[in-house]
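These notes concern the structure reproduced below.
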Amino acid sequence: MPGVELSGVGKKYGTGERVTEALRGVELTLPQGEFVSLIGASGCGKSTLLRIVAGFERATAGSVKVRGKSVERPGPERGVVFQDYGLFPWLNVADNIAYGPRQRRLPADQVAGIVDRFVKMVGLDRFRDRFPHQLSGGMQQRVAIARVLANDPAVLLMDEPFGALDSLTRQTLQEELLGVWQELSPTVMLVTHSVEEAVFLSDRVVVMGGGPTHGVPGHVTKILDIDLTHPRDTTSPAFNDFKRELLEAIHHPAHE
Amino acid sequence: MKKLLWALPVPATILALWSFAVAQQWLTLIPGPFEVLLAIIDFSFGTLYDDAYSGTLLTHLFASTGRVLGGFFLAAFSAIPLGILLARYGRFSALVEPTLGVLRPIPVTAWVPLVLIVFGLGSHSAVILIFIGSFFPILINTLLGVKRVPPRLIEAAQMLGTSEGEMLYKVILPAALPSVFAGMRIALGLAWVVVVVGETVGVPNGLGSVITEAREVSRTEIIITGMIFIGLAGLLTDKLLVNGVRRALGNSPLLPN
């Protein structure tokens, strides 16, 4: 059973004359445990697509399934990592991570065990009593990742998770994310603006184009398999060939 | 201790200037600090003069504090739920908000005659006036606090398995708390303003009535004494509110120290 299965997915906003079509005819299937990046110019609908899989928005056409089940609303089996973290500012690190397990009514000792495991996995053991505003952006994003992992999600949905971080922190977090993915093997959908990030992390990169400003609804223009083994050398010729191919696809999409 | 040391110079300067002004006879109708100190002692313990004010501090203080807290909690228990409903339900808001918009600008002092006619002279009227005065700051701040909960936090809670029913107390209230709490503090401060207004008419006790009556018999030192105790009582109730909320809600980083 695929991790994520999108068929004929479309999204329209508004009604009557003022309708805008953000997405049309998206076909995409992610086997369980696959790491897929969505990339494309602003307005191509990649974030909208992610929000549809998350259940924050409903597709107006087609079907969206996660592990064979139709997506109706947000749920803990689809953990979302936002660019702006979305941590609960009144809860400390440990309580933010414990939020999901507590919502599932797990017994206290089990919750404590889960918090312990993930607070260590993201390297924040010493900061478990701190509140979000006392942490750097990179640390906050680590908490946000630990918080969704604590729910043992089938799918990890990440919307430009490292977009607000400086480039050194971004690289560290990319490597940490890779480690987490290799250890827990969730299906990952990552929206990014960075070609390098996409090639560094993904099994496949989905290039999207169009969008209301281009007069065509957002759609998939190209899917590229990145058949490099981890760890990937970002300076290798093969790596840069993939980058070049992606940049080409983003900036000069083949006309359909 | 260090904090106390820093707090002292300003009142000390005021006292010195006040003393000097009285000694130079710039202020002829106002007693000096020492006279007021004696009045404070007599008002508190009743050992010096044995008049109508001697040793009556606790009676008046309890009467005023009771009215303040009564009106304030009445306001909090009605304005907080109403604010949440107004922020969450557009229909309800469309029904009620225009009326509230007209009622809100009416100052509490304008309510005094009507409240006296309906509730008569006495403690009830003071409590009702405090209720009216405290109601709107709490309502407005609750309303804004709930409306300004970042949608991102709602989404985060949804994807972590929070149902719509739990959203109110799991996310919306904790996120709106700083604003609600700010409204409560403003309201409590206003309640002390209103209690003095409310006690100027037809109540035999309370710090407000002490001031009013002292003016009628030209006991200026008692007026100043009453003012000082109103200030102290206001400060004390504010501290109690802050500590009470802290104790109830734990060490939330969203609350002021």
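The listed protein sequences derive, respectively, from chains A and B.
Mapping of the first sequence onto the numbering used here: position 76 corresponds to residue 76, and the numbering continues sequentially without gaps.
Mapping of the second sequence onto the numbering used here: position 254 corresponds to residue 1254, and the numbering continues sequentially without gaps.
Note that the Cβ used here is the ideal one computed from N, Cα and C, for glycine as well.
Because the structure is a prediction, the values reported are computed rather than measured.
Based on the DSSP output, what are the partners of A:M158 in its beta bridges?
DSSP lists A:V81, A:L190 as partners of A:M158.
Can you give me the C-alpha to C-alpha distance between A:P132 and A:D84, rounded to a whole angstrom?
If I take the Cα positions, the gap works out to 12 angstroms.
Run through the DSSP bridge pairs and tell me what B:S1044 is partnered with.
DSSP, once it has assigned bridges, lists no residue as partnering B:S1044.
Determine the direct distance from the alpha carbon of A:R67 to that of A:M1, and round the result to whole angstroms.
Cα to Cα, the separation comes out at about 6 angstroms.
Residues of the segment 86-105 of chain A with a CB closer than 9 angstroms to any CB of chain B: list them in chain order, please.
For the segment 86-105 of chain A, which is checked against every Cβ of chain B, the residues closer than 9 angstroms are G86, L87, F88, P89, W90, L91, N92, Y99, G100, Q103, R104.
Mind checking whether A:I223 and A:R244 have CB atoms under 8 angstroms apart?
No, the Cβ-Cβ distance between A:I223 and A:R244 is not below 8 angstroms.
Hey, could you find the ends of the alpha helix (DSSP H) A:R204 is sitting in?
Not the alpha helix (DSSP H): A:R204 falls in the beta strand (DSSP E), residues 204-211.
Grouping DSSP H, G and I as helix and E and B as strand, with all else coil, what is A:I250?
Looking at A:I250 - three-state DSSP - the assignment turns out to be helix.
Kindly say whether B:E1155, judged by its beta-carbon, lies nearer than 8 angstroms to any beta-carbon of chain A.
So, interface residue.
Among A:Y13, A:P237, A:L135, A:G123, whose alpha-carbon lies nearest the alpha-carbon of A:E176?
If we check each option's Cα against that of A:E176, A:G123 comes out closest.
Would you say B:M1184 lies against chain A (beta-carbon separation less than 8 angstroms)?
No - not a single Cβ of chain A is within 8 angstroms of the one on B:M1184.
Using C-beta distances below 6 angstroms, list every residue in its chain close to A:S37, excluding the 5 sequence neighbours before and after it, in chain order.
The residues are L190, T192, A198, S202, V205.
A:F88 to A:Q103, Cα distance in whole Å?
Their Cα atoms are separated by approximately 14 angstroms.
Who are the neighbours of B:P1253 on chain A, taking C-beta pairs under 9 angstroms?
Per Cβ cutoff of 9 angstroms: P89, W90, N92, F131, P132, H133, Q134.
Does A:V81 pass the burial test, meaning 16 or more other C-beta atoms within 10 Å, or should it be called exposed?
So A:V81 ends up on the buried side.
Under 8 angstroms between the Cβ atoms of A:H214 and A:V26?
Cβ atoms of A:H214 and A:V26: not closer than 8 angstroms.
Hey, how far is the Cα of B:P1135 from the Cα of B:L1129?
First, the residue type needs correcting, since residue 1135 of chain B is Phe and not Pro in the sequence shown. Distance between the alpha carbons of B:F1135 and B:L1129: 10 angstroms.
Helix, strand or coil: which one does DSSP assign to A:I223?
Here A:I223 sits in strand by DSSP.
Here's the rule: buried if 16 or more other CB atoms are within 10 angstroms of the residue's CB, otherwise exposed. What is B:W1026?
By the 10 Å Cβ count, B:W1026 comes out exposed.
Please list the residues of the segment 26-55 of chain A that have a C-beta atom closer than 7 angstroms to any C-beta atom in chain B, keeping them in chain order.
Listed by position along the chain: A54.
In chain order, what residues of the segment 1135-1162 of chain B put their CB closer than 9 angstroms to some CB of chain A?
Those residues of the segment 1135-1162 of chain B that come within reach of chain A (Cβ to Cβ, closer than 9 angstroms) are P1150, R1152, L1153, E1155, A1156, A1157, Q1158, M1159, L1160, G1161, T1162.
Could you list the residues in the segment 67-88 of chain A with a C-beta less than 7 angstroms from some C-beta on chain B, going in chain order?
Within the segment 67-88 of chain A, the qualifying residues are P74, G75, P76, R78, G79, V80, F82, D84, G86, F88.
Shorter than 8 angstroms from the beta carbon of A:N240 to some beta carbon of chain B?
Answer no: the Cβ-Cβ gap between A:N240 and chain B never drops below 8 angstroms.
The beta strand (DSSP E) with B:S1179 in it runs from where to where?
No beta strand (DSSP E) holds B:S1179; the alpha helix (DSSP H) holding it covers 1173-1199.
Entirely within the segment 40-85 of chain A and at least 3 residues each: give me those beta strand (DSSP E) ranges in chain order.
Taking only runs of at least 3 residues, the beta strand (DSSP E) segments lying wholly in the segment 40-85 of chain A are 61-66, 78-81.
For B:A1075, name the three-state secondary structure that DSSP assigns.
DSSP places B:A1075 in helix when its eight states are reduced to three.
Hey, how far is the Cα of B:I1224 from the Cα of A:Q141?
Distance between the alpha carbons of B:I1224 and A:Q141 is about 57 angstroms.
Note down, in chain order, each residue of its chain lying with its Cβ closer than 6 angstroms to the Cβ of B:G1206, except the 5 sequence neighbours on either side.
So the list reads H1060, A1063, S1064, E1199, once near-sequence residues are dropped.
Where do the N-terminal and C-terminal ends of the beta strand (DSSP E) with B:S1019 fall, by residue?
Where B:S1019 is concerned, there is no enclosing beta strand (DSSP E), although the alpha helix (DSSP H) it sits in stretches over 1009-1023.
Going by the CB atoms, is the gap between A:G62 and A:G8 shorter than 8 angstroms?
Cβ atoms of A:G8 and A:G62: closer than 8 angstroms.
Could you check whether the segment 67-76 of chain A touches the segment 111-128 of chain A, counting it as contact only if at least three pairs of C-beta atoms, one from each stretch, sit closer than 8 angstroms?
Short answer: they don't touch.
Considering only the alpha carbon of each residue, which of A:L184, A:D152, A:V119 lies closest to A:A94?
Checked all of A:L184, A:D152, A:V119; the closest Cα to A:A94 is A:V119.
Which term fits A:E256, buried or exposed, when burial requires 16 or more other beta carbons within 10 angstroms of its beta carbon?
Legend: pLDDT at A:E256 = 48, less than 50; position of this residue unreliable, no value from coordinates given.
Any contact between the segment 1042-1051 of chain B and the segment 1067-1084 of chain B? By contact I mean 3 or more CB pairs, one from each, below 8 angstroms.
No, the segment 1042-1051 of chain B is not in contact with the segment 1067-1084 of chain B.
Please classify B:T1028: is it buried, with 16 or more other beta-carbons within 10 angstroms of its beta-carbon, or exposed?
Exposed, because fewer than 16 other Cβ atoms sit within 10 Å of the Cβ of B:T1028.
Can we say the segment 1077-1097 of chain B touches the segment 1232-1251 of chain B, given the rule of at least three CB pairs closer than 8 angstroms?
Result no; under three Cβ-Cβ pairs closer than 8 angstroms.
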